[in-house]
Structures are given as C-alpha cells and as structure tokens.
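Colleague: Quick one: structure below, then a few questions.
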Ligand code: 0GY
C-alpha cells in the first residue's frame, strides 16, 4: 500500500550533526517513534495525518549516531491502536528498545501479554484534539486498570489549557490505580507565559501533589517561539523553553525523562537537527548527577526495572 504524505509535511532531518554534549553511558532516548514503513505497516484509517516513513533501522542508526544506548518507542497516532510497527521495532532491537502502546478496550488479555513480551511497558492516552478523536474516560480507566496488572504505566499527552478539565481523571488513574503517570513534553506549556505564572504552576502543583507523576522534559522544538537560533553558541537553542525544563528537572530530579521525539511529527516551521537537540540537554540538566538521573537512572527504573538493583 502506498500513502500520500499530508501536504506540507516536513521530513525528518538527514545527516544530523554529532552532538557536542557527550551522553552518559547507558543513556535512553525515552520518547521517539517509528512510522511504518507504510508499505509494511500501513497507517491507520482513522489517522489525522500521514507522515513520511521513519523505519526502525533509521531510528537505530540515529540512536547510535547520537550516542544513546536504548530507545523507548511511543506509539504515534498515525498508527492508531495497531502496534505492529512498534512491536516489530522492539523485537528487532535486541533488547535495546521498549515501547508504549495504544490499545482499545477490545484488546484481549493474550494481546496484552504479547505486547508485554515484546517489551511494551506503558499505554499512551492522547487528549490532543488535532491528533485523536475523543475516547470516553470510562474506557480509558478500564484500560488503565487492566494494564496496571502488568505493571505498566500510563503516558498522557495533553495541552496546558486542558489540564484543569483533565485533572480529576489523571488524579484518579494515579491515586485509585496506584499507577505511574508520565506527562509528555511538560504538559505542553505556553512558553510565552512566565515560568512562574499560574498555568505552569498548575502543572507543577499536579506533580507536587502526585508523587508518581513524571514528566518528559522533551520537545523544546515544539514548544519554542525563539526557535533553534544560537545553536552551539553561548545561549541554548530553544532558549525560551530552558527555564521550564530546568525547573522541572531541578524540582523533580527522580521523575523526569528526555527524548528526541524523532521523527518529529507535525512540525510546521523547521525540522530540528537531532544532534543539536541533544546539546539542549546540559542547559536543562546542568550537573552530571542530574544528567545521569534524567538520561539513565530514571528511564531504566521505568522501562528496564529488572536491570536496576
Ligand atoms: C509527539 C507529538 C505529536 C504527535 C504525536 O502520536 C502522535 O501523533 O505524538 C504532535 O503532533 O504534537 O510527541 O510526537
């Protein structure tokens, strides 16, 4: 099957630079995707966009080029609840990739077991309206309850303005099911607003009140208004995102993750050089200790707990 990309789609950046920042040994890229290839793993009929292909081989080559040891591959909405591309990538990784899947309430226990065996350790609930149709909360709660029995966590993707409305649901998943909840991209703050303003304060309060809520401090390229200028210069690229991510890293050093977000779906203005994205890390995790927690200890605890003493 061949697929026509969404008009205006930006393809991922080929030939990324070698980062100046040397990642600590065992670093995990804890948020990235595979897309198809569509001829092998067709995109879902209900998708809101059709991407360019981004295969497991290309992801693994990027991993090695940047200096990561492992990947956490997150199911992207263009594949709906068909996790075959994700599973194929995890199985082909030789233990170097684990996954976060999307499932519907119709998923069978055997299918969940097969996902677990392939390396899936979480489900993703997506609340971003341009990406997915609405799923009733009782369905999500039922899924969260079932996967909690496998020891999986729940990854949530939402935009900052929607947190008040989603608060009670997220709190119920966390409190009632005793499930770890991981927020993608710091809950997508509007970084033109102050880092100490009420909107970001709500996200921080959510983390403070719920000791098993984690955050990915990823996607500066998605959140930034200042953009990638000053790369490798005195100032960080995406410098308007730095205070937000640094604040989260320093407030919750044991509950943060970082990922490239390769192949960067739905970017409109520019496609980041992943090598330069890695160079963003020391601006938000400014000590070797924080960097090791962010890139090694925390993702290992969540995705490869059997290897953690
Ligand atoms: C991201 C962000 C986006 C897309 C998806 O699953 C997806 O389609 O996650 C987005 O468009 O903001 O985390 O990759």
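Numbering (our numbering), first residue to last: -1 to 307.
Glycine included, each C-beta is placed from N, C-alpha and C at the ideal position.
#1: Using the C-alpha atoms, what's the distance from residue 238 back to residue 18?
#2: In whole angstroms, what separates the C-alpha of residue 198 from that of residue 162?
#3: Looking at residue 155 and ligand 1, is the gap between the Cβ and the nearest heavy atom below 7 angstroms?
#4: Is residue 178 near ligand 1, judged by its Cβ being under 7 angstroms from some heavy atom?
#5: How should residue 122 be labelled, buried or exposed, when 16 other C-beta atoms within 10 angstroms of its C-beta is the threshold for buried?
#6: Quick check on residue 214: does DSSP put it in helix, strand or coil?
#7: Leaving out five residues on either side along the sequence, give the residues of the same chain with a beta carbon under 6 angstroms from the beta carbon of residue 82.
#8: In whole angstroms, what is the alpha-carbon distance linking residue 44 and residue 76?
#9: Is any heavy atom in ligand 1 found nearer than 7 angstroms to the beta carbon of residue 84?
#10: Please work out which residues of its chain come closer than 6 angstroms, Cβ to Cβ, to residue 313, disregarding the five sequence neighbours upstream and downstream, and give them in chain order.
#11: My assumption, with CB atoms under 8 angstroms, is that residue 119 sits in contact with residue 96. Please give the rounded CB distance.
#12: Would you kindly report the start and end of the unbroken alpha helix (DSSP H) that includes residue 124?
#13: For residue 227, collect the residues of the same chain with a Cβ closer than 8 angstroms to its Cβ; drop the 5 residues on either side in sequence, then sort them by chain order.
#14: If you measure between the beta carbons of residue 182 and residue 214, is that distance less than 8 angstroms?
#15: At a cut-off of 7 angstroms, is residue 31 close to ligand 2 when judged by its beta-carbon and the heavy atoms of the ligand?
#16: Using the Cα positions of residue 10 and residue 191, report the straight-line distance between them to the nearest angstrom.
#17: Output the distance between the C-alpha atoms of residue 229 and residue 218, rounded to the nearest integer angstrom.
#18: Going by DSSP, what residue range makes up the beta strand (DSSP E) through residue 28?
#19: State the start and end residues of the unbroken alpha helix (DSSP H) segment that holds residue 296.
#20: Quick check: what's the CA-CA separation for residue 272 versus residue 64?
#21: Pull up the distance between the alpha-carbon of residue 262 and that of residue 269, whole angstroms please.
#22: Output the boundary residues of the alpha helix (DSSP H) element that contains residue 85.
#23: Go to residue 273, then tell me how far its alpha helix (DSSP H) extends in each direction, as first and last residue.
Modeller: Well, looking at it:
#1: One C-alpha to the other measures close to 21 angstroms.
#2: The alpha-carbon atoms of residue 198 and residue 162 are separated by roughly 12 angstroms.
#3: Because some heavy atom of ligand 1 lies under 7 angstroms away, the Cβ of residue 155 counts as near it: yes.
#4: Not so, every heavy atom of ligand 1 lies at least 7 angstroms from the Cβ.
#5: It is buried - the Cβ of residue 122 has at least 16 other Cβ atoms within 10 Å.
#6: Correct three-state label for residue 214: strand.
#7: Same-chain partners within the cutoff: 39.
#8: Near 8 angstroms, if we compare the C-alpha coordinates of residue 76 and residue 44.
#9: Residue 84: no, Cβ never under 7 angstroms from ligand 1.
#10: The structure shown does not extend to residue 313, since the chain is modelled only from -1 through 307, so no value can be given for it.
#11: Indeed they touch by this definition, with Cβ atoms about 5 angstroms apart.
#12: DSSP places residue 124 in no alpha helix (DSSP H) but in the uninterrupted beta strand (DSSP E) bounded by 118 to 124.
#13: Short of 8 angstroms from the beta carbon of residue 227, and not among the five residues preceding or following it, lie these beta carbons of its own chain, in chain order: 235.
#14: Yes; because the gap between Cβ atoms is below 8 angstroms, this pair is in contact.
#15: Ligand 2 is not part of the structure shown, which contains ligand 1 as its ligands.
#16: When rounded, the distance between both Cα atoms is 29 angstroms.
#17: Note that residue 229 has pLDDT 49, beneath the 50 cutoff, so the model's placement of it is unreliable and no number is given.
#18: Counting along the chain, the beta strand (DSSP E) containing residue 28 begins and ends at 26 to 30.
#19: DSSP places residue 296 inside the alpha helix (DSSP H), whose first and last residues are 296 to 301.
#20: In a straight line, the C-alpha of residue 272 is about 8 angstroms away from that of residue 64.
#21: Rounded to whole angstroms, the gap between the alpha carbons of residue 262 and residue 269 is 7 angstroms.
#22: Element bounds for residue 85: 82 to 90.
#23: The continuous alpha helix (DSSP H) containing residue 273 extends over residues 272 to 276.
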